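Q:
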Amino acid sequence: MASNETPHSSSAVGINFSNPQFICSVGANTAPEDLYYVVFVGRSNAGKSSVINTLCGGRYARVAKAPGRTRLINLFRLGGNSSAATLADLPGYGYAAVSKQEQRSWAPRMLRFLQTADIRCLAVVVDCRRGIGQMDMQLLDLYAAREAPAIIILNKSDKLNQSQKYAAIAAVRDTINVPVFLFSALKKKGVAEVQGYISSCLLAAPTEPLQ
Ligand SMILES: Nc1nc2c(ncn2[C@@H]2O[C@H](COP(=O)(O)OP(=O)(O)OP(=O)(O)O)[C@@H](O)[C@H]2O)c(=O)[nH]1
Ligand SMILES: [Mg+2]
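Plus 60 on top of the position in the sequence shown (first one is 1) and you've got our numbering.
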């Protein structure tokens, strides 16, 4: 279920999401320049890596029960060697058990990536039971300056009944004007809709990077 202005229907999927190629893990470096990105951000344990795996139909990004699994930015190239379209799986924020030093280093490392990467879509993955958080909002605010597309993926929708799903979408719409998709990485719900939207972003003309 998608909310506002989905530019293409799911039948218009133009990017091949299957069999992405793992390129590299990025630590403190800037984003590789010759690629462009769909960047998956969100609270630790929201399901970013699982969403990527479900979109791609396999086990590519590492998933764990314990939060804080993804520590580096992992890059997955879509559509074969000649393509520059890349999914970036970022470490989650808000996980208290990682060391203080690591928590402190998160923001500058991630911000450097977000500010240097040619991002065609920022996908904020949210656990639909928790709703959108302060850090999600801060990232969306920061990113809004780029005037490039952002989406909110309300993941783990398998945990909600129908009325709770509507309430979760309504809560996001009351907070921010960004397309929102109900998704379940576990039950493979919302896959075609998110693929369709991301495809349209990847196929659109690039926007100006942040200065
Ligand atoms: N019920 C349910 N569980 C899910 C879903 N997506 C992910 N999970 C579970 O949530 C936990 C965290 O998933 P990850 O994909 O590792 O989450 P992440 O956001 O990448 O976590 P970090 O890398 O630690 O930031 C795992 O136990 C997943 O199996 C979903 O759609 N439904
Ligand atoms: Mg992860």
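From the three backbone atoms N, C-alpha and C, an ideal C-beta is built for every residue, glycine too.
Note that this is a predicted model, so its numbers are computed, not measured.
#1: For ligand 1, is there a heavy atom less than 6 Å away from the beta-carbon of Asn-79?
#2: At 3 residues or longer, what runs of the beta strand (DSSP E) sit wholly inside the region 114-192?
#3: Pro-151 to Ser-223, Cα distance in whole Å?
#4: In whole angstroms, what separates the C-alpha of Pro-239 from that of Ala-210?
#5: Could you give the DSSP three-state label for Arg-206: helix, strand or coil?
#6: Is it a yes or a no for the region 211-218 touching the region 184-195, going by three-plus beta-carbon pairs under 8 Å?
#7: Nearer than 6 Å: is that true of the beta carbon of Ala-56 relative to any heavy atom of ligand 1?
#8: If you drop the 5 nearest sequence neighbours on each side, which residues of the same chain put their C-beta closer than 6 Å to that of Phe-297?
#9: Excluding the 5 residues preceding and the 5 following Ser-69 in the sequence, name in chain order all residues of the same chain whose CB lies nearer than 8 Å to its CB.
#10: According to DSSP, is Val-240 part of a helix, a strand, or is it coil?
#11: Give every residue of the same chain whose Cβ lies closer than 6 Å to the Cβ of Tyr-97, excluding the five residues on either side of it in the sequence, and list them in chain order.
#12: Which residue wins for smallest C-alpha separation from Phe-173, given the options Gln-194, Tyr-203, Gln-161?
#13: With distance defined between alpha-carbon atoms, name the residue in Arg-233, Leu-132, Val-99, Ile-229 nearest to Ser-165.
#14: With a 10 Å radius around its C-beta and 16 neighbouring C-beta atoms as the bar for buried, classify Ser-259 as buried or exposed.
#15: What residues are listed by DSSP as bridge partners for Asn-226?
#16: Which residues in the same chain have their Cβ closer than 6 Å to the Cβ of Val-232, if we skip the five residues on either side of it in sequence?
#17: For a test of the three-state rule: what should DSSP assign to Leu-200, helix, strand or coil?
#18: Could you please give me the residues that DSSP links to Ser-85 through a beta bridge?
A: This is what the structure gives:
#1: Asn-79: no, Cβ never under 6 Å from ligand 1.
#2: Unbroken beta strand (DSSP E) stretches of 3 residues or longer found wholly inside the region 114-192: 133-137, 145-149, 178-187, given in chain order.
#3: Their backbone Cα atoms lie some 31 Å apart in a straight line.
#4: Ala-210 has its alpha-carbon roughly 7 Å from the corresponding atom of Pro-239.
#5: It is coil, neither helix nor strand.
#6: Segments in contact, yes.
#7: Outside the shown range of the chain (61 to 271) lies residue 56, about which nothing can therefore be said.
#8: Summary: the structure shown does not reach residue 297, with the chain confined to residues 61 through 271, and so no result is reported for it.
#9: At Ser-69, the pLDDT of 35 sits below 50, so the modelled position is not reliable; the number obtained from the coordinates is stated separately. The answer, listed in chain order, is Gly-256.
#10: Three-state DSSP puts Val-240 in a strand.
#11: Excluding positions up to five away in sequence, the list reads Thr-146, Ala-148, Ala-177, Ile-179.
#12: Comparing Cα positions, the closest option is Tyr-203.
#13: Minimum Cα distance to Ser-165 is reached at Leu-132.
#14: Only buried fits Ser-259, as 16 or more other CB atoms lie within 10 angstroms of its CB.
#15: Contrary to the premise, residue 226 reads as Tyr rather than Asn in this sequence. Paired residues: none, contrary to the question.
#16: Ile-192, Ile-212, Val-240.
#17: Three-state DSSP puts Leu-200 in a helix.
#18: Bridge partners of Ser-85: Asn-134.
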